[in-house]
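K.L.:
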Amino acid sequence: MKAKLGMSPIAWWNDDLVELSDDVSLEECLRQSRSAGFTGMEQGRRFPSTPEEMLPILKQADVTLCGGWFSGTLVSEELAANKDRITPMIELFKAVDAPCIVYGEVDRSIQGDRSRPLATKAVLSDDEMKAYARKVTEFGEWCAEQGMPLSYHHHMAAVVQFEHELDAFMKHSGEGIALLLDAGHLAFAGGDVLRAIDNHHKRINHVHVKDVRMDVINGLDWSRQSFLDAVALGAFTVPGDGSLDFAAIVQRFADYGYEGWFVVEAEQDPKKNPPLKMAQVGHKELMRVMTAAGYTVETQGFPNS
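First residue of the sequence shown: 1, per UniProt numbering; consecutive thereafter.
#1: Per DSSP, what are the beta-bridge partners of Gly104 in this structure?
#2: What does Ser8 pair with, by DSSP beta-bridge criteria?
#3: Taking just the CA atoms, how far does Gln268 sit from Arg116?
#4: Grouping DSSP H, G and I as helix and E and B as strand, with all else coil, what is Gly260?
#5: Secondary structure at Leu17, three-state DSSP: helix, strand or coil?
#6: Put Asn205 into one of helix, strand or coil per three-state DSSP.
#7: Quick check on Ala266: does DSSP put it in helix, strand or coil?
#8: Gln225 to Leu118, Cα distance in whole Å?
#9: First and last residue of the alpha helix (DSSP H) that includes Leu79?
#10: Would you grab the beta carbon distance between Glu77 and Asp113 for me? Rounded to a whole angstrom, and I think it's under 8 Å.
#11: On the DSSP bridge list, what partners appear for residue 310?
#12: How far does the alpha helix (DSSP H) with Tyr132 in it reach, from first residue to last?
#13: For the segment 184-202 and the segment 243-253, state whether three or more C-beta atom pairs, one from each stretch, are separated by less than 8 Å.
#14: Report the residue from Gln60, Asp23, Glu42 whose alpha carbon sits nearest the alpha carbon of Arg31.
#15: Given this structure, state the Cα-to-Cα distance separating Trp142 from Asp127, to the nearest angstrom.
#16: So for Lys272, helix, strand or coil by DSSP?
#17: Whose C-beta lies closer than 8 Å to the C-beta of Leu220 among residues of the same chain, with five residues either side of it excluded?
#18: Spatial neighbours of Asp198 within its chain, please: CB distance less than 8 Å, with the 5 preceding and 5 following residues excluded, ordered by chain position.
#19: Within 10 angstroms of its Cβ, does Arg45 collect 16 or more other Cβ (buried), or is it exposed?
#20: Check this for me: beta carbons of Gly294 and Met1, under 8 Å apart or not?
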């Protein structure tokens, strides 16, 4: 079985908390990640928006684009508006041969609002969840028809946060929308990562290997503190530095024959947790557990052809 290891630039520059950002260029971010052993990088805010600009930068760094976040608004906004906004991203991702676009729901989400405590997150009714899941499925099918698959990202502070919400979304959505399984977000929400893999492995096409510091999470006051407060306090980290058993998690993916990207997405204070050092810690741990699970980790970065 083959696997690829990627990172998210959120370890270097945080899109929601600018103060949690290292003053490094895109080129330096890519260089550090590649030097730690990662062959892919997800899109971040300092990436160019055209293939003519992006491809030379990726080639120079010897990395591929392994995904990127789209802020979806399908809870209440029409399909047409989302299609219009994602079309340029689809064309860019096709041109640079990215594997998928990550769909993150931001409508009615409080993930980017530091004034909103975790306990105030929006909850969809059963009927709302059914309608939403069908709508996201239709959107995923349309994106695939354009040549770019989606991967649905369940997320803290969004409408699909808890494991039971993920289960409901997966039940009412169809194969037209695949799943990004994020170990850290699910664990933060009190979910069982191994059970979620058991339940939804057939539709998982992308994986975020985000670790958590459970002592930070257990100390949160959900009636007073926000998701961004939790990030600033250090709720997330890289595999090998947190509380999750990635040997068991990666083994479970291997048991189901998952092949593809495992992406380290670990937003935290880069001054307290230097991104290069954390990338090295995460890569070392992932190589250890992936080798044990029988994976061959690909070392090819930017394609030679």
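For each residue, glycine too, the CB sits at the ideal point set by N, CA and C. Just so you know, these numbers come straight off a predicted model, no measurement behind them.
P.N.:
On the basis of the data shown:
#1: Ser71
#2: DSSP output for Ser8 lists no bridge partner at all.
#3: 19 Å
#4: strand
#5: coil
#6: strand
#7: coil
#8: 6 Å
#9: 79-95
#10: Actually they do not touch by this definition, with Cβ atoms about 18 Å apart.
#11: Here the chain covers residues 1 to 305 and nothing more, so residue 310 does not appear.
#12: 126-145
#13: yes
#14: Gln60
#15: 23 Å
#16: coil
#17: Leu118, Asp229, Ala230, Leu233, Ala235
#18: Arg252
#19: exposed
#20: yes
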